[in-house]
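What follows is a single structure, written as structure tokens, with notes after it.
2 protein chains.
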Amino acid sequence: MAKVIRVGLLGCGTVGGGVVRILDREARDIAVRVGGQLLVTRVGVRDLAKDRQLPLPADAFTDDLLSVVEADDVDVIVEVMGGRDPAGGLIRRALELGKPVVTANKELVAHEGPELYELAESSGVDLMYEAAVAGAIPIIRPLKQSLAGDRVRRVVGILNGTTNYILTKMTEEGASYDAVLSEAQRLGYAEADPTADVGGHDAASKTAILASLAFDSKVHADDVFREGIENVTATDISVADRLGYVIKLLGIASEVDDQVAVRVHPTFLPKAHPLAAVRESFNAIYVEADAAGELMFYGRGAGALPTGSAVVGDLIDAARNVQQTTRGPVESVHRGRSIRPIQELQTQYYVLLDVDDTAGVLAAVATTFGKNDVSIAQVWQEGQGDRAQLVLITHRALEGALRSCVRDLQGTEGVRNVASVMRVEAEVFS
Amino acid sequence: MAKVIRVGLLGCGTVGGGVVRILDREARDIAVRVGGQLLVTRVGVRDLAKDRQLPLPADAFTDDLLSVVEADDVDVIVEVMGGRDPAGGLIRRALELGKPVVTANKELVAHEGPELYELAESSGVDLMYEAAVAGAIPIIRPLKQSLAGDRVRRVVGILNGTTNYILTKMTEEGASYDAVLSEAQRLGYAEADPTADVGGHDAASKTAILASLAFDSKVHADDVFREGIENVTATDISVADRLGYVIKLLGIASEVDDQVAVRVHPTFLPKAHPLAAVRESFNAIYVEADAAGELMFYGRGAGALPTGSAVVGDLIDAARNVQQTTRGPVESVHRGRSIRPIQELQTQYYVLLDVDDTAGVLAAVATTFGKNDVSIAQVWQEGQGDRAQLVLITHRALEGALRSCVRDLQGTEGVRNVASVMRVEAEVFS
Chain A
0 MAKVIRVGLL GCGTVGGGVV RILDREARDI AVRVGGQLLV TRVGVRDLAK
50 DRQLPLPADA FTDDLLSVVE ADDVDVIVEV MGGRDPAGGL IRRALELGKP
100 VVTANKELVA HEGPELYELA ESSGVDLMYE AAVAGAIPII RPLKQSLAGD
150 RVRRVVGILN GTTNYILTKM TEEGASYDAV LSEAQRLGYA EADPTADVGG
200 HDAASKTAIL ASLAFDSKVH ADDVFREGIE NVTATDISVA DRLGYVIKLL
250 GIASEVDDQV AVRVHPTFLP KAHPLAAVRE SFNAIYVEAD AAGELMFYGR
300 GAGALPTGSA VVGDLIDAAR NVQQTTRGPV ESVHRGRSIR PIQELQTQYY
350 VLLDVDDTAG VLAAVATTFG KNDVSIAQVW QEGQGDRAQL VLITHRALEG
400 ALRSCVRDLQ GTEGVRNVAS VMRVEAEVFS
Chain B
0 MAKVIRVGLL GCGTVGGGVV RILDREARDI AVRVGGQLLV TRVGVRDLAK
50 DRQLPLPADA FTDDLLSVVE ADDVDVIVEV MGGRDPAGGL IRRALELGKP
100 VVTANKELVA HEGPELYELA ESSGVDLMYE AAVAGAIPII RPLKQSLAGD
150 RVRRVVGILN GTTNYILTKM TEEGASYDAV LSEAQRLGYA EADPTADVGG
200 HDAASKTAIL ASLAFDSKVH ADDVFREGIE NVTATDISVA DRLGYVIKLL
250 GIASEVDDQV AVRVHPTFLP KAHPLAAVRE SFNAIYVEAD AAGELMFYGR
300 GAGALPTGSA VVGDLIDAAR NVQQTTRGPV ESVHRGRSIR PIQELQTQYY
350 VLLDVDDTAG VLAAVATTFG KNDVSIAQVW QEGQGDRAQL VLITHRALEG
400 ALRSCVRDLQ GTEGVRNVAS VMRVEAEVFS
């Protein structure tokens, strides 16, 4: 087969450059797998003046992005520009034209994925987005194909490399959040404005995409309950350590009473859990399914080449399908499960209180917990002089009850401050 | 689409029963994904008299296995009977008839895989075998599709649950190999005749399949250098522990000078490596690729439902392809890399010697190592009275040189016995 499959590239930054380099380096093998040569014919960029040092003809570049999508000599679209606009409109146009799309655009898929899947389905073309979640880690294809006959019950992920790096350093070096963040920024592991990472927004987007796919339902980024790691202290980490836990920023999507519960927050995770061993900027996704049992997928969640590898894997599939005038499996988001309110979450909690070191404080605190129907599993007090800290781990309780308890604690005699509250996933194995 | 895809099942033991149960339980969802109903119309078994308690019509069963393959009312074959014969002939017949095949048959694929891939390719039908390696863990599809545009450099796997269970118990309880094996047999985790597992044969089969796929070459089970765990002692494990290692039975396939090096043996693995945390009967596969970097896939390597989940995932893909009169991607085993002889392996080694506790022994031992061009990285001596043990870790050396050194050590003055020799993969990250 001598056929050429012509690729239109939208965006040519770090990931786009990675894609072009992989396509060039592995051209011969890729042609065998596709059943035809992959040729990048058009590249849409914002800044035509930039010298990109890539093995592409100069006349392939244009700043008219729509012209790339609509060009007669483009069979497949690869979108690596990021952002919802104009990427969303361009992808919709490509799908309407019957051109398959491969995208690495996490933000777009997290916010508009289910609608885009439906458009791709009605247009009868592929929309692939393996690179949008956890870079090079194959997770979309396993969820969509390998587990197609199974029933997924829970997906738990370390989905953001920057926050996992910060928490790893805090854990292993006993350093403060601020000190580690500054160091990470200096080394280029964290952005100057780190909000998207440390605030959990990036992890929430990825969790939404995984939840949609795992539970065949429309889950959008805004449906995800979200807390960042900004308030995690060295004390929290050392308390967790003494109790047999590590603190990880987890994205957790699960099925509860035919609803989808979906949240991102710093979590006490037992040290024996496979996710607890995921260090530095690595990502990992842990999946529980009825028949398959426990699965974990681990690797690099970001970077030009890892993300490029995932894009090219998708592109080979999409191009092969074009060549064979067929298409891959489609997402099923028609189950229409609703999102479970966070108040109905049932889990364990860690509460750290600054208290007066006087008789009667523990009794007052215990009474407040009892009144709110939150049962205490473990408690200890530390400190001398007039300042002490009270560490409490609860049994499983309703999030709503715990929140009411925390409000009441702020007015409890002898409690100076509720220093930390964090969810404890001790039964994440169960 | 109301079309029915008719499935012929070869074998109906544990895994076959798991497949039938999953197909029954998830029938509605599976029909949506396939675009048609999956119906098991024929089941070939050895013993017709057995009551299998499965949701299948009694007249579906036959002991004429070939009739299942050749039946007009069978569109797809699922082979879960195991063994090379008659499964191999039946699968070849199905492929010749243009019927796609899904198999969980590790032994067959490990010995005849490359030839079967070629037959499937020339017949233009799917041959899928995700379930043949590491049960429910999706590893075939990621290697074949997700990493299709990447270049895999190394695959390292914990591929046998029984041996990983035994080594985990020996490590965590300090017990002897014999004691743990007996306990594992009592609990049903090890077979009465444990040779296939503890001798590394099972892991070697899986390693051959992964090596073929990762390096686009014909690698057969017999090409794999193999050592089992039968001689691993409690002393080896405690020495490894003190040096910062765990002992794991690893299947290692790598590309060296355009050859494929492929081996299974107990290995000193640094505790910080993600594979070191894989406990009990879990399996995991660690992959290094040029662009994707490091990846790991973790889960249940065996069992009726995990294996059934992988079979059904493949079956949905194969049935969808039948429905759309297309086929999935094919294996490329045409690169024709040769197998690297084990003598040319370069790695570090652990050597444990029983020696006389007398002056001059260390010098004699060191001289023997030096004469064989094996350089010593670490050494220490333990023991009192006239009996002592000498622990040595070498720098990277040629396997051939190390073997010659071990022969010479057996004749070295003061050396009573070469108690253990094991490969050390200290640079498995590199």
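Chains A and B are the protein sequences, given in the same order. Just so we're aligned: 392 in numbering that gives the first Met the number 0 is position 393 of the first sequence, and the numbers increase by one with no gaps anywhere. Just so we're aligned: 34 in numbering that gives the first Met the number 0 is position 35 of the second sequence, and the numbers increase by one with no gaps anywhere. By construction, the Cβ of each residue, glycine as well, lies at the ideal position given by its N, Cα and C atoms.
Between the segment 191 to 201 of chain B and the segment 313 to 327 of chain B there are fewer than three inter-stretch CB-CB distances shorter than 8 Å, so the stretches are not counted as touching. Contact check for valine 321/B against isoleucine 76/B fails: the beta carbons are separated by 8 Å or more. When C-beta distances to chain A are compared with 8 Å, the residues of the segment 288 to 300 of chain B below that value are Ala288, Asp289, Ala290, Ala291, Gly292, Glu293, Leu294, Met295, Phe296, Tyr297, Gly298, Arg299, in chain order. Serine 308/B is positioned such that its CB atom lies closer than 8 Å to that of alanine 288/A. Following the DSSP letters along the chain, one finds glycine 43/B inside the beta strand (DSSP E) bounded by residues 36 to 43. DSSP places asparagine 282/B in the strand class (E or B) of the three-state scheme. According to the DSSP assignment, arginine 406/A belongs to the alpha helix (DSSP H) that extends over 398 to 408. Using a CB distance cut-off of 8 Å, glutamine 52/A does not count as an interface residue toward chain B. Chain B places no beta carbon closer than 8 Å to that of serine 216/A, leaving this residue out of the contacts. Of all residues in the segment 222 to 248 of chain A, none has a C-beta nearer than 8 Å to a C-beta of chain B. In this structure, valine 311/A sits near glycine 148/B, with a CB-CB distance shorter than 8 Å. At least one CB atom of chain A sits nearer than 8 Å to the CB of glycine 312/B.
Taking a Cβ-Cβ cut-off of 7 Å, serine 280/B has no neighbours in chain A, whose nearest Cβ is about 11 Å from it. Under the 10 Å beta carbon count, serine 337/B is surrounded by fewer than 16 other beta carbons and is classified as exposed. Take the alpha-carbon of alanine 189/B and the one of leucine 180/B: they are about 7 Å apart. In the three-state DSSP reduction, isoleucine 375/B falls in the strand class (E or B). Cβ atoms of alanine 239/A and serine 175/A stay farther apart than 8 Å, at about 15 Å.
With respect to the 8 Å criterion, glutamate 254/A and arginine 152/A are classified as neighbours on the basis of their beta carbons.
Distance from the CA atom of leucine 186/A to the CA atom of leucine 351/B, rounded to whole angstroms, is 43 Å.
In this structure, DSSP gives glycine 81/B a state outside helix and strand, which the three-state scheme calls coil. Any Cβ of chain A closer than 8 Å to the Cβ of arginine 153/B would place that residue at the interface, and such an atom is absent. For the pair leucine 344/B and lysine 247/B, the CB atoms are not nearer than the 8 Å cut-off.
In the three-state scheme derived from DSSP, where H, G and I count as helix and E and B as strand, phenylalanine 214/A is classed as helix. Residues of the segment 63 to 94 of chain B with a Cβ closer than 7 Å to any Cβ of chain A: none.
Comparing alpha carbon positions, the residue from Ile29/A, Ala283/A, His219/A closest to serine 145/B is Ile29/A.
The C-beta of histidine 394/A has fewer than 16 other C-beta atoms within 10 Å across all chains shown, which makes the residue exposed. In this structure, the straight-line span from the alpha carbon of proline 85/B to that of arginine 27/B is close to 34 Å. Under the 8 Å Cβ criterion, the segment 64 to 74 of chain B does not count as touching the segment 349 to 367 of chain B, having fewer than three qualifying pairs. Residue-level contact check: threonine 325/B touches chain A, since one or more beta carbons of chain A fall below 8 Å from its beta carbon.
Contact between isoleucine 236/A and threonine 170/A holds: their C-beta atoms lie close to 5 Å from each other, under 8 Å.
Within the same chain, Cβ atoms closer than 7 Å to the Cβ of leucine 47/B are found at Phe60, Asp62, the five residues on either side in sequence being excluded. Within chain B, the C-beta atoms nearer than 7 Å to that of isoleucine 315/A come from Ala147, Gly148, in chain order.
Residue pairing by DSSP places methionine 127/A opposite Val101/A in a beta bridge. Here the C-alpha atom of leucine 118/B lies approximately 7 Å from the C-alpha atom of leucine 94/B. Under the three-state reduction of DSSP output, histidine 110/B falls in the helix class. Under DSSP, alanine 365/A takes part in no beta bridge, so it has no partner.
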